[in-house]
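Everything on this sheet refers to the single structure shown next.
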Amino acid sequence: MTAAATKPEKLRALLSRPRPTLIVGVWDGLSAALAERAGFDGVWASGLCISTSMRIPDVGLVTMSEHLEATRRIDRATTLPVVADVDDGFGDAINVTRMVREYEAAGIAAVCIEDNHHPKRNSLYGGLARKLVTAEEFVVKIRAARDARRDPSFLVIARTEALVAELGHDEAMRRAQMYAAAGADMVLVHSKDRDPAPILEFGKQWTLATPLAAVPTTYPSVGTRELFDHGYRLIILANQGLRASISAVTDVFKTMIETESAATVEDRIAPLADVFSIVDMEGVRRLEDRLAEPEPPAGRRDPSKARIPREGCD
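If you count the sequence shown from 1, position 152 lands on 943 in the numbering used here, and the numbers rise without skipping.
This is the structure:
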């Protein structure tokens, strides 16, 4: 019997297909389950989303332990491969070594490490000093990550912020080529330009076999197929789900407080049956029935062991 594929193996298989692999940013088990239900290929354990869910800015304040635990919850909630957005690797190459071992042991499919200086600053924040480590320093981190993994299927994704830091196309290309040569399994080229042209041009000029990844947050007008045709095999929709949830929950809460009624939002919220379905409550009932003690003969019942009826319980 052939063993089931691991999640790193699943991700590698997805990336070998002749079409884009589409993953979406999540921050907990529920958002991961919804991503799988929607039909995404995988999920992105987003640093921005996880930190925002804790009401903490994405400036390197979330510890590795906190991020790892959130990522574990995400992984347990879905059969999809999980790509962990681990910022700068939580420190230097020594920290990266431990990080890779911990995330790999947790069953995560890939980690994405960026060349931001520690502590990192989210790429989309304005008005903050943006400093990158040298390409040579980051190469050491990539090699440390590759040496630390035990499963060769576990992916190490190297992310360059050169375009975000306004270092120019040539520097972004130089860094990306160095990271690929150092053994990165994929290179993510990030940009906060609203015009997709710089990313498309970068992909057009990329000649190495190492695949590329893109995050079209600020340039959403470009389609996933167009990105794929320009060399980007992995497309990450990193934070749209979080932003949608903020809008939807704010709208519902505001309506209920203004109308002083829950009835005014019933037509725009999920029914309770959907909530129960997501957590597989029916599976609990089946397990309860299977494990239930057989009813004793009449006259021998112990009142202390009477089963509580399901009806009437919250």
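Ideal Cβ placement from N, Cα and C applies to all residues, glycine included.
Keep in mind that this is a model prediction, so the values were computed, not measured.
Out of curiosity, what's the CA-to-CA distance linking L1063 and V1056? By 1-based counting over the sequence shown, the position of residue 1063 is 272. By 1-based counting over the sequence shown, the position of residue 1056 is 265. Taking the straight line joining both Cα atoms gives about 13 angstroms.
Quick one: is D976 buried, meaning 16 or more other Cβ sit within 10 Å of its Cβ, or exposed? Counting from 1 along the sequence shown, the entry for residue 976 is found at position 185. Looking at its Cβ environment, which holds 16 or more other Cβ atoms inside 10 Å, D976 is buried.
For D876 versus H909, is the C-beta distance shorter than 8 angstroms? As a first step, residue 876 must be located in the sequence shown, where it is residue number 85. As a first step, residue 909 must be located in the sequence shown, where it is residue number 118. No, the Cβ-Cβ distance between D876 and H909 is not below 8 angstroms.
Could I get the ranges of all uninterrupted alpha helix (DSSP H) runs contained in the segment 1025-1072, with 4 residues as the minimum, in chain order? With a minimum length of 4 residues, the continuous alpha helix (DSSP H) runs that stay inside the segment 1025-1072 are 1031-1050, 1063-1069.
What is the DSSP secondary structure of L805, counted as helix, strand or coil? As a working mapping, residue 805 is identified with position 14 in the sequence shown. The three-state reading of DSSP puts L805 in helix, counting H, G and I together.
Which residues bound the alpha helix (DSSP H) around M896? Within the sequence shown, the letter at position 105 stands for residue 896. The identity of residue 896 in the sequence shown is Ala, whereas the question assumes Met. Element bounds for A896: 884-896.
Which residues in the same chain as R867 place their Cβ atom closer than 7 angstroms to its Cβ, once the five residues preceding and following it in sequence are excluded? Position 76 of the sequence shown, counted from the start, is the residue given in the question as residue 867. Result list for R867: G820, in chain order.
Between R912, A795, H1021, which has its C-alpha nearest A988's C-alpha? In the sequence shown, residue 988 corresponds to position 197, counting from 1. Measuring from the Cα of A988, the nearest candidate turns out to be H1021.
How is D976 classed by DSSP in three states: helix, strand or coil? Here residue 976 corresponds to residue number 185 of the sequence shown, with the count starting at 1. Note: D976 maps to coil in three-state DSSP.
Among the residues of its own chain, which have a CB less than 7 angstroms from the CB of E952, if the five just before and after it don't count? The count along the sequence shown starts at 1 and reaches residue 952 at position 161. Counting only Cβ-Cβ distances below 7 angstroms, and skipping sequence neighbours, we find E905, D906, N907, S914, L923, H981.
Could you give the residue range of the alpha helix (DSSP H) that holds R821? Residue 821 sits at position 30 when you count from the first residue of the sequence shown. With the sequence shown as reference, residue 821 is identified as Leu, and Arg is not the correct amino acid for it. For L821, the enclosing alpha helix (DSSP H) has its first and last residue at 820-829.
Are there three or more Cβ pairs, one per stretch, closer than 8 angstroms when the segment 883-901 is compared with the segment 993-1005? Contact between the segment 883-901 and the segment 993-1005 is absent, with fewer than three C-beta pairs closer than 8 angstroms.
Return the Cβ separation of T862 and A896 in integer angstroms, given the expectation that the two are a contact with Cβ distance under 8 angstroms. Within the sequence shown, residue 862 is the residue found at index 71, counting from 1. Within the sequence shown, residue 896 is the residue found at index 105, counting from 1. With a Cβ gap of about 12 angstroms, T862 and A896 do not count as contacting.
Short check: CB of A971 to CB of A935, under 8 angstroms? Within the sequence shown, residue 971 is the residue found at index 180, counting from 1. Within the sequence shown, residue 935 is the residue found at index 144, counting from 1. For A971 and A935, no; Cβs fall outside 8 angstroms.
Within 10 angstroms of its Cβ, does V1066 collect 16 or more other Cβ (buried), or is it exposed? Position 275 of the sequence shown, counting from 1, holds the residue named residue 1066. So V1066 counts as exposed.
For K801, which residues of its own chain have a beta-carbon under 6 angstroms away from its beta-carbon, when the five flanking residues on both sides are left out? Taking the sequence shown and counting its residues from 1, the one referred to as residue 801 is at position 10. Excluding positions up to five away in sequence, the list reads P872.
Quick check on the burial criterion: 16 or more other C-beta atoms within 10 angstroms. Buried or exposed for E893? Here residue 893 corresponds to residue number 102 of the sequence shown, with the count starting at 1. By the neighbour-count criterion, in which a residue is buried when 16 or more other Cβ atoms sit within 10 angstroms of its Cβ, E893 is buried.
Reduced DSSP category for T843 - H, G, I as helix; E, B as strand; rest coil: Here residue 843 refers to the residue found at position 52 when the sequence shown is read from its first residue. T843 sits in a helix when the DSSP states are folded into three classes.
Which whole runs of the beta strand (DSSP E) in the segment 920-964 are 3 residues long or more, in chain order? For the segment 920-964, whole beta strand (DSSP E) runs of length 3 or above, ordered along the chain, are 946-951.
Determine the direct distance from the alpha carbon of P1085 to that of G816, and round the result to whole angstroms. On the sequence shown, position 25 is the one that residue 816 refers to. On the sequence shown, position 294 is the one that residue 1085 refers to. Rounded to the nearest whole angstrom, the CA to CA distance from G816 to P1085 is 46 angstroms.
Sorry if obvious, but does the Cβ on E1057 come closer than 7 angstroms to a heavy atom of the ligand MN? By its list of ligands, the structure shown contains no ligand whatsoever, and the ligand MN lies outside what it can speak to.
Mind checking I933: buried by the 16 CB within 10 Å criterion, or exposed? To locate residue 933, count along the sequence shown from 1; it is residue 142. It is buried - the Cβ of I933 has at least 16 other Cβ atoms within 10 Å.
Leaving out five residues on either side along the sequence, give the residues of the same chain with a beta carbon under 8 angstroms from the beta carbon of G1103. Position 312 of the sequence shown, counted from the start, is the residue given in the question as residue 1103. Confidence in G1103 is poor, its pLDDT being 42 and thus under 50, which makes the residue's placement too unreliable to answer from.
DSSP-derived helix/strand/coil call for Y1010: Position 219 of the sequence shown holds residue 1010. Coil, per DSSP.
In angstroms, rounded to a whole number, what distance separates the CA positions of S822 and H960? Mapped onto the sequence shown, residue 822 falls at position 31. Mapped onto the sequence shown, residue 960 falls at position 169. Separation of S822 and H960 (C-alpha to C-alpha, rounded to the nearest whole angstrom) is 35 angstroms.
Going by DSSP in three states, A795 sits in which element: helix, strand or coil? The residue labelled residue 795 in the question sits at position 4 within the sequence shown. A795 sits in coil when the DSSP states are folded into three classes, being neither helix nor strand.
Rank R937, E1051, S844 by C-alpha distance to the C-alpha of R889 and give the top, closest one. For the purposes of this step, residue 889 is identified with residue 98 of the sequence shown, where counting begins at 1. Residue R937 is the option with its Cα nearest to R889.
Can you list, in chain order, the residues of its chain whose CB lies under 6 angstroms from that of T854, leaving out five sequence neighbours each side? As a working mapping, residue 854 is identified with position 63 in the sequence shown. Answer for T854: no residue qualifies.
Measure from the alpha carbon of L859 to the alpha carbon of each residue in F929, K911, G833, V891, then state which is nearest. Taking the sequence shown and counting its residues from 1, the one referred to as residue 859 is at position 68. For the set F929, K911, G833, V891, the Cα lying nearest the Cα of L859 is the one of V891.
Below 7 angstroms CB to CB, which residues in the same chain sit around R985 once its five sequence neighbours on both sides are set aside? Position 194 of the sequence shown, counted from the start, is the residue given in the question as residue 985. These residues qualify, in order along the chain: T1009, Y1010.
Can you give the beta carbon distance from L813 to T1015, rounded, assuming they're within the 8 angstroms contact cut? Numbered from its first residue, the sequence shown carries residue 813 at position 22. Numbered from its first residue, the sequence shown carries residue 1015 at position 224. Between T1015 and L813 the Cβ distance is about 6 angstroms, and since that is below 8 angstroms, they are a contact.
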